[in-house]
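Protein chains: 2
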Amino acid sequence: MTRKPTIDDVARAAGVARATVSRVLNASPNTSERVREKVLKAVEALNYQVNHQARQLASRTSRVVALVFAADAEAEPNSYYHSAIELGAMRASTEHGYGLVTHTMDPTTDAYRSKILSLVNQSRCDGLILTPPFSDDEEMIGELRECGYPFVLISAGPQARGLSPSVGIDDRQAGVELGSYLVEQGHRRFGYIGGPSEHRSAALRLEGLLEALHTAGLGDDAIDVVEGNFTFKSGIDLAAQLLSGARHPTALVCANDDMAAGALFTAHRIGLNVPVDVSITGFDDTPVSQIVWPPLTTIHQPLRQMGSKATELLIAGVMGENGNHSAGTFEHFVPFELVQRDSTAKRAVE
Amino acid sequence: MTRKPTIDDVARAAGVARATVSRVLNASPNTSERVREKVLKAVEALNYQVNHQARQLASRTSRVVALVFAADAEAEPNSYYHSAIELGAMRASTEHGYGLVTHTMDPTTDAYRSKILSLVNQSRCDGLILTPPFSDDEEMIGELRECGYPFVLISAGPQARGLSPSVGIDDRQAGVELGSYLVEQGHRRFGYIGGPSEHRSAALRLEGLLEALHTAGLGDDAIDVVEGNFTFKSGIDLAAQLLSGARHPTALVCANDDMAAGALFTAHRIGLNVPVDVSITGFDDTPVSQIVWPPLTTIHQPLRQMGSKATELLIAGVMGENGNHSAGTFEHFVPFELVQRDSTAKRAVE
DNA sequence: CACGATTTTGGAAGCGCTTCCAAAATATCG
DNA sequence: CGATATTTTGGAAGCGCTTCCAAAATCGTG
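The structure is reproduced here in structure tokens:
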């Protein structure tokens, strides 16, 4: 096995200095067409590949972005949601010549803060993409800002959004649309299975939902709100609680698809017909919403796009040296969409 | 922001040479207790963190392992399956001080081979973990072996398993157990929705299933075999094909949970009651199997454990310098388990 | 065409670490 | 106790690249 060619081999082959090759490879503006071609030809001929380690050491960047997900020690992660974001991030980072490393950490212990900070300090990555609930940890975000470290938030709440580059849908508006859709369908008694209180974006969805109810002349007593943790299991349990009793809600809004699937499960178990007896809605439009029976009416979030958009913002920020944290519009909204399937139906007003 | 301490700072603080610090940090055997302590104290005092880039450049290793998944350009990946493996791999790699990067590539185009080889060549990682169908690409595996590159296979078929370190369940035996269970339940007409032919492990499951049928005195005409692609969608379509007509199978065995969920969907649509009219089984025991209604009888694979085991084997191989490819037992079987849920039931022999 | 302004190129100094080699210190043994 | 084997330490040479600075080439202008 012969030694891999180095930049010096290329320089020799092209008859130029090492520094010139480096410039060509890094698309520096100051190179003549003639030399550029010679170098490129030599690269081709030798099948030269840059050594990332060396490049990183010399340039003091890692060309790696880190994606941080929540995963309780035991809970299965909200996989479809995470996978979709990861896939988008992966595509975008690869496209820009960056690597992507994914980290999961337990948001219920405080250790995650130091873990995140140490990722940064060890120069393991050039920037961070934070997903909920980390994207709402204002204290940590403050620290990151202070050390001038680039990061982008996904689905952050309003406070965090104002301060930092972020991508997400307009959760409040999504809540409004979902609410008015259900009101239009004739529903008057609602249940809401939300997320943990740290998840600001899920709370926004509820605000929007309430707004829609108010607009329709309904008060807060028209809705029963309970707090889940985004797992299938919590959907099962909380739906059992909400659907017991004769005057149960006729529409159950869930803050993600997994909990909606759990609610569906419970409805089946206690013999309620969905959507005849009760309408159920999810959120995210992950594959879960089509796997269950009946398929879920839900809000489509372009998760893949969110992942790639976040990555691109991050990379732009890294390259622009603190361009990330300079003035400008931080908040990137991506479009959402109400997807009607068979888990909801019109309900005659009693 | 003050400059980060380097190994030279530590050396100066401890009053020793740089090389000595390096030795202590890398747990080299030849260091005296006295010096080791001085160095460790200095490290502590300065809050020194090694610079990975520099270490990697100097030592010509990356301390990163790569995990390779299949993802068609458009198809949503088989997320739960992948996520579980990834989680296991992540835990194990972190534990051993390694990074993990995940790569997805499209197995339907041939480009993936050069992509995988280039991962290796660019010294982006010290080793590879291959999942199906890549773990069955004997040609590529041969190339990897030739360049002496460490890798571990997950759920590979028998040919590949013999040659390389691998982890997985005994797929054939799982097929046998599933088959005899269904035979015991009284089923006599079967359908099998398999994977693409490159997936050797899925083919093994079928072999086991057939063996169980033969043992029960049933011939190959007792089973209709069709080839899916592990997606929910293909489960829907192929089940529609198998379940049409009056004398449809009474038991439908699917090579993964997603396709089983699709089969369930079709059964619902065409008005068949599961499990009364037809029993359906999945494979893997991903969360999907509990999300659908009725919950799926399936084979539990310890995916997380498989991910971590593969990672550990790989790291052991990397550290042992070709210990990976030396003699010894390559095949690591992990236990599987038949999980009975509500998608299967006894069937009276007609 | 000469001269300063600008662009392109080459030389050389690191980036922070590992590792080879030889020197120093310590242990072993007749 | 001296000579030799062994272990521990220090010095120095890179790993392959980027980037600063100055030299060389090119351009623009009166």
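Residue numbers (my numbering), protein chains in the order written: chain A, 1 to 350; chain B, 1 to 350.
Think of the CB as a built atom: it goes at the ideal place given N, C-alpha and C, for glycine as much as any other residue.
Check	Outcome
Short CB-CB distance (under 8 Å) between A:R124 and chain B	yes
Under 7 Å from the C-beta of B:H96: neighbouring residues of chain A	The contacting residues do not exist; B:H96 stays about 15 Å from chain A at best.
Identity of the residue in B:P302, B:T344, B:L163 nearest B:E337 by Cα	B:P302
C-beta contact flag for A:P275 and A:T344 at 8 Å	yes
Contacting positions in the region 285-307 of chain A - beta carbon closer than 9 Å to chain B	T286, P287, V288, Q290, I291, V292, W293, P294, P295
Proximal chain A residues relative to B:H52, where beta-carbon distance stays under 9 Å	Q53, Q56, S62, Q122, S123, R124
Limits of the beta strand (DSSP E) - the one that A:S164 falls within	Unbroken run through A:S164: none, as it is neither H nor E.
B:L57 versus B:L264 - alpha carbon distance	53 Å
Inter-stretch contact at 8 Å, needing at least 3 Cβ pairs: the region 208-224 of chain B / the region 182-190 of chain B	yes
Backbone CA spacing between B:I270 and B:G179 [nearest angstrom]	25 Å
Helix, strand or coil at B:I280 [DSSP, three-state]	strand
In DSSP terms, what A:M105 is bridged to	A:A70
Any beta strand (DSSP E) of 3 or more consecutive residues that is wholly inside the region 227-273 of chain B	251-254
Assigned secondary structure, A:F134 (DSSP; H/G/I helix, E/B strand, else coil)	helix
Proximal residues to B:H325 (C-beta, below 6 Å), its chain only, five neighbours per side dropped	Only weak support is given to the placement of B:H325: the predicted model assigns it a pLDDT of 44, under 50, and the value that follows is read from those uncertain coordinates. Nothing listed; no residue qualifies.
contact_flag[the region 305-314 of chain B, the region 142-156 of chain B] where n(CB pairs < 8 Å) is 3 or more	yes
Limits of the unbroken beta strand (DSSP E) element including A:G191	190-194
Counterpart residues of B:V64 in DSSP-defined beta bridges	B:G99
B:Q166 burial status per 10 Å Cβ neighbour count (16 or more: buried)	The residue asked about is misnamed: residue 166 of chain B is Ser in this sequence, not Gln. So B:S166 counts as buried.
Within-8 Å CB hit, A:T104 to chain B	yes
Coil, strand or helix - B:L128 by DSSP	strand
Three-state secondary structure assigned by DSSP to A:T31	coil
Backbone CA spacing between B:S234 and B:M259 [nearest angstrom]	6 Å
Under 8 Å between C-beta atoms of B:L117 and B:E143	yes
Residues within the region 174-185 of chain B neighbouring chain A, beta-carbon criterion of under 8 Å	none
Euclidean distance between Cα positions of A:V226 and B:C254	37 Å
Cutoff 8 Å: B:M140 Cβ touching any chain A Cβ	no
Cβ-based burial, B:F283 [other Cβ within 10 Å; buried from 16]	buried
Simplified DSSP assignment, three categories, for A:H199	coil
Beta-carbon proximity list for A:T31, same chain, < 6 Å, skipping 5 on both sides	R23, V24
Beta strand (DSSP E) segment containing B:L153, residue limits	151-154
Within chain A, partners of B:Q340 - CB distance below 8 Å	Neighbours of B:Q340 on chain A: none; closest Cβ ~18 Å, over 8 Å.
Selected residue, minimal CA-CA separation from B:M90, among A:P150, A:V68, A:R3	A:V68
Residue closest to B:R347, alpha-carbon to alpha-carbon, out of B:S279, B:I299, B:K4	B:S279
Proximity below 8 Å, CB of A:D257 to CB of A:L296	yes
CB contact check: A:S234 to chain B, cutoff 8 Å	no
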